[in-house]
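**Student:**
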Amino acid sequence: MLMISAVVSCKNQQDMDISDAHKQHIPENVQLLEYTSKSIVIAWDFIENASSYTVQLLADPNSDNPLFTYTTNKNDYFEFGNLNPRQSYYARVRANFPYSATSAWSFVTKNANKARIIPNYGIVEPDFEILYIKPVHTSNSTITAEWSFTDFAKMDTEIANSFNLSLYKNEACTDLEVSWTNVTGIFAASTASLPKPLRFTFSGLKNNTDYYLKVKDNASGILSSAAHFKTLSAQPVTTTNPSKSGDILLSQDFSNFVHGGDIVFSAGGYTVGTALGRANWQKASGANTEDVALGQTFCDLSGEFNIFDGGNVAREYTIGVGMEYWGKNGNTSTRPGYIKIGGSSAVGTLYSAPLSYTGTSTSVEVTFKAAVYSEGNSTFCEDVVVEVIQGADFSTKGAISNLAAITKKDSKKVSIVSSFQKFDEYTVVLNNVAPNSRIAFSSDPASIANNKTRFLLDDIIIKLK
Numbered sequence: 001m002l003m004i005s006a007v008v009s010c011k012n013q014q015d016m017d018i019s020d021a022h023k024q025h026i027p028e029n030v031q032l033l034e035y036t037s038k039s040i041v042i043a044w045d046f047i048e049n050a051s052s053y054t055v056q057l058l059a060d061p062n063s064d065n066p067l068f069t070y071t072t073n074k075n076d077y078f079e080f081g082n083l084n085p086r087q088s089y090y091a092r093v094r095a096n097f098p099y100s101a102t103s104a105w106s107f108v109t110k111n112a113n114k115a116r117i118i119p120n121y122g123i124v125e126p127d128f129e130i131l132y133i134k135p136v137h138t139s140n141s142t143i144t145a146e147w148s149f150t151d152f153a154k155m156d157t158e159i160a161n162s163f164n165l166s167l168y169k170n171e172a173c174t175d176l177e178v179s180w181t182n183v184t185g186i187f188a189a190s191t192a193s194l195p196k197p198l199r200f201t202f203s204g205l206k207n208n209t210d211y212y213l214k215v216k217d218n219a220s221g222i223l224s225s226a227a228h229f230k231t232l233s234a235q236p237v238t239t240t241n242p243s244k245s246g247d248i249l250l251s252q253d254f255s256n257f258v259h260g261g262d263i264v265f266s267a268g269g270y271t272v273g274t275a276l277g278r279a280n281w282q283k284a285s286g287a288n289t290e291d292v293a294l295g296q297t298f299c300d301l302s303g304e305f306n307i308f309d310g311g312n313v314a315r316e317y318t319i320g321v322g323m324e325y326w327g328k329n330g331n332t333s334t335r336p337g338y339i340k341i342g343g344s345s346a347v348g349t350l351y352s353a354p355l356s357y358t359g360t361s362t363s364v365e366v367t368f369k370a371a372v373y374s375e376g377n378s379t380f381c382e383d384v385v386v387e388v389i390q391g392a393d394f395s396t397k398g399a400i401s402n403l404a405a406i407t408k409k410d411s412k413k414v415s416i417v418s419s420f421q422k423f424d425e426y427t428v429v430l431n432n433v434a435p436n437s438r439i440a441f442s443s444d445p446a447s448i449a450n451n452k453t454r455f456l457l458d459d460i461i462i463k464l465k
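In UniProt numbering, the protein residues as written are 1 to 465.
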């Protein structure tokens with residue numbers, strides 16, 4: 001046994017001596033000579049007596065398992081083609097000599113460190129991150145994100161692609177909130193007045209909660225890294241037994257408004273279209289959430305329907321979105337996290353639930369967020385009218401039935417013309433209020449002729465003054 005061991009040991013030592021004979025004769029000036037979005041050229045200095053060179057690409061600088069290996073004859077460069085434009089690579093070269101001798105590996109370096117190479121960008125810093133996803137807007141129940149696989153430089157070339165959108169509830173991206181597969185056909189080419197980027201609004205989310213979004217471009221097969229978002233905190237809730245100044249009589253953040261396209265932030269969303277889908281309120285959740293029976297599918301930014309009596313909307317759906325004791329006149333349509341009021345040259349009005357309180361207060365402070373309805377650079381609202389209403393009656397589906405007979409106890413007109421592609425907060429004080437009064441939010445009848453009768457409404461808080 002000892003003799004055999006000695007022979008084996010001697011043979012291994014001989015092999016090692018042969019292999020190490022040219023260990024120090026490493027290729028010098030190993031460099032990234034050229035690169036395109038799908039190829040990189042690695043070059044090095046010629047070594048006398050070298051019989052060939054082996055060049056490799058690795059996914060990790062400390063790995064010994066190459067992704068690609070090529071051995072040249074006498075050439076002192078090599079081009080790797082058909083690479084992933086956005087994958088990180090590390091390149092190394094060694095010289096090969098007769099009798100199986102090889103040099104040590106020599107890497108492409110930057111600042112004495114093994115260089116990180118991405119075909120689309122060349123040599124990048126170790127902490128370089130490719131930006132696939134940008135935040136656009138967050139509320140306490142929605143996240144709007146924009147994405148691109150062309151560095152946001154050629155988005156119009158991507159609009160016909162299909163994308164998989166996956167929103168997760170944990171950083172490891174194992175706990176799925178909702179996903180949409182093969183999202184396509186809801187984006188349009190940009191124009192000077194109507195940009196339509198690759199955007200989507202996720203709705204019906206929990207407030208003050210972390211979410212993580214991944215997007216896959218099905219055309220290239222590239223999957224983005226996870227982008228972190230956090231919804232905002234919930235707005236204050238109604239005060240129990242309100243009776244004094246500052247007590248909240250009503251709080252409505254429209255967080256159960258999950259359907260429709262996001263016209264304010266130029267983003268797609270999702271909708272339901274069948275009688276079954278609008279029979280009861282339910283939000284999309286889980287994987288691959290398209291549902292033929294519900295008519296549940298993604299939609300472009302124009303998607304909407306009236307939450308009270310639009311098409312086949314059932315009363316149970318209206319209750320589910322939080323409008324059980326509310327009422328309407330004209331168009332009051334669902335959008336993700338907010339409501340659209342008014343139509344083309346047609347006034348729309350949303351009537352709050354009846355106010356309930358004790359005490360002698362006759363004034364309320366009404367705070368709300370509003371945005372003008374716009375299509376590109378064309379806007380369709382200037383003023384919002386906020387009023388104290390008494391004596392209103394409504395149908396079983398929430399439509400006002402005695403419009404001519406109601407009493408308007410106070411009225412304030414608010415200009416929202418500056419709220420273009422954004423929500424701004426407004427506050428008015430209304431007088432002559434009594435228990436069971438309602439607060440009405442309406443487009444301005446004086447603007448019918450100018451077709452300025454559509455606006456978006458969110459985050460209503462009504463307090464005793």
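Ideal Cβ placement from N, Cα and C applies to all residues, glycine included.
Please name the residue in LEU355, LYS422, SER378 and PRO66 whose C-alpha comes closest to that of SER243.
**Tutor:** Counting from one through the sequence shown, the residue named residue 243 turns up at place 243. Among LEU355, LYS422, SER378 and PRO66, the Cα nearest to that of SER243 belongs to LEU355.
**Student:** Flag this pair as yes or no: are the beta carbons of LEU430 and LYS412 separated by less than 8 angstroms?
**Tutor:** Here the question's residue 430 lines up with position 430 in the sequence shown. Here the question's residue 412 lines up with position 412 in the sequence shown. Against a cut-off of 8 angstroms, the Cβ pair of LYS412 and LEU430 comes out as a contact.
**Student:** Determine the burial state of GLY359: buried for a count of at least 16 other Cβ atoms within 10 Å of its Cβ, exposed for fewer.
**Tutor:** Counted from its first residue, the sequence shown places residue 359 at position 359. Exposed.
**Student:** Thinking ILE42 and HIS25 are a contact (beta carbons under 8 angstroms), I'd like their distance in whole angstroms, please.
**Tutor:** Counted from its first residue, the sequence shown places residue 42 at position 42. Counted from its first residue, the sequence shown places residue 25 at position 25. Incorrect: roughly 18 angstroms between the Cβ atoms, too far for contact.
**Student:** Classify THR453 as buried or exposed, calling it buried when 16 or more other Cβ atoms lie within 10 Å of its own Cβ.
**Tutor:** On the sequence shown, position 453 is the one that residue 453 refers to. THR453 comes out buried.
**Student:** Using a threshold of 8 angstroms, state whether the C-beta atoms of ASN140 and GLN235 are closer than that.
**Tutor:** Within the sequence shown, residue 140 is the residue found at index 140, counting from 1. Within the sequence shown, residue 235 is the residue found at index 235, counting from 1. Going by C-beta atoms, ASN140 is nearer than 8 angstroms to GLN235.
**Student:** For the beta strand (DSSP E) that GLY348 lies in, which residues bound it at each end?
**Tutor:** Translated into the one-based positions of the sequence shown, residue 348 becomes position 348. Careful: GLY348 lies outside any beta strand (DSSP E) and carries neither H nor E.
**Student:** Just to confirm, are ALA434 and THR379 a CB contact at a threshold of 8 angstroms?
**Tutor:** By 1-based counting over the sequence shown, the position of residue 434 is 434. By 1-based counting over the sequence shown, the position of residue 379 is 379. No; because the gap between Cβ atoms is not below 8 angstroms, this pair is not in contact.
**Student:** Can you tell me where the alpha helix (DSSP H) holding THR318 begins and where it ends?
**Tutor:** Walking along the sequence shown from the start, residue 318 turns up at place 318. First-last of the alpha helix (DSSP H) with THR318: 315-320.
**Student:** Helix, strand or coil for TYR99? Go by DSSP, reduced to three states.
**Tutor:** Residue mapping note: residue 99 aligns to position 99 of the sequence shown, counting from 1. The answer is helix: DSSP assigns TYR99 an H, G or I state.
**Student:** Quick check: what's the CA-CA separation for THR72 versus ILE117?
**Tutor:** Indexing the sequence shown from 1 puts residue 72 at position 72. Indexing the sequence shown from 1 puts residue 117 at position 117. One C-alpha to the other measures close to 21 angstroms.
**Student:** Expressed to the nearest angstrom, what Euclidean distance is found between the alpha-carbon atoms of PHE368 and ALA287?
**Tutor:** Start at 1 with the first residue of the sequence shown, and residue 368 comes out as number 368. Start at 1 with the first residue of the sequence shown, and residue 287 comes out as number 287. Those two C-alpha atoms are separated by around 35 angstroms.
**Student:** Is the region 330-347 touching the region 257-268 in the sense that three or more CB pairs, one from each, lie closer than 8 angstroms?
**Tutor:** The answer is yes - the region 330-347 touches the region 257-268, with three or more Cβ pairs under 8 angstroms.
**Student:** What does the alpha-carbon distance come out to for the pair residue 473 and GLN296?
**Tutor:** This structure leaves residue 473 out entirely; the chain is present only between 1 and 465.
**Student:** Give the DSSP-derived three-state secondary structure of THR109 in the structure shown.
**Tutor:** Locating residue 109 in the sequence shown gives position 109, where the first residue counts as 1. Note: THR109 maps to strand in three-state DSSP.
**Student:** I'd like to know if the region 169-188 and the region 114-133 are in contact, where contact means that at least 3 CB-CB pairs between them fall below 8 angstroms.
**Tutor:** Segments in contact, no.
**Student:** Report the rounded CA-to-CA distance for ALA275 versus THR318, giving the unit in angstroms.
**Tutor:** Here residue 275 refers to the residue found at position 275 when the sequence shown is read from its first residue. Here residue 318 refers to the residue found at position 318 when the sequence shown is read from its first residue. Each residue's Cα considered, the two are about 13 angstroms apart.
**Student:** Can you tell me whether DSSP reads LEU430 as helix, strand or coil?
**Tutor:** As a first step, residue 430 must be located in the sequence shown, where it is residue number 430. Here LEU430 sits in strand by DSSP.
**Student:** Quick check: the region 322-331 against the region 417-424, are there 3 or more CB pairs under 8 angstroms?
**Tutor:** No, the region 322-331 is not in contact with the region 417-424.
**Student:** Taking its Cβ as the centre, do 16 or more other Cβ atoms sit within 10 Å of LYS408, making it buried, or is it exposed?
**Tutor:** Translated into positions along the sequence shown, residue 408 becomes position 408. Classification for LYS408: exposed.
**Student:** Pull up the CB-CB distance for PHE441 and VAL372, whole angstroms please, since I reckon it's below 8 angstroms.
**Tutor:** Counting from 1 along the sequence shown, the entry for residue 441 is found at position 441. Counting from 1 along the sequence shown, the entry for residue 372 is found at position 372. Rounded, the Cβ-Cβ distance is 14 angstroms, inconsistent with contact.
**Student:** By Cβ distance below 7 angstroms, which residues in the same chain neighbour ASP45 in space, the five residues on each side in sequence not counted?
**Tutor:** Position 45 of the sequence shown, counting from 1, holds the residue named residue 45. Excluding sequence neighbours, ASP45 sits near PRO27, GLU28, ASN29 and ASP76.
**Student:** From ASN241 to LEU464, what distance separates their C-alpha atoms?
**Tutor:** In the sequence shown, residue 241 corresponds to position 241, counting from 1. In the sequence shown, residue 464 corresponds to position 464, counting from 1. Distance between the alpha carbons of ASN241 and LEU464 is about 12 angstroms.
**Student:** Identify every run of the beta strand (DSSP E) within the region 242-306, keeping only runs that are complete inside it and at least 3 residues long; order them along the chain.
**Tutor:** Taking only runs of at least 3 residues, the beta strand (DSSP E) segments lying wholly in the region 242-306 are 248-252, 260-262, 267-271 and 297-299.
**Student:** Answer yes or no: does any C-beta atom of chain D fall closer than 8 angstroms to that of SER361?
**Tutor:** Structure shown: chain D not included; a single protein chain is present.
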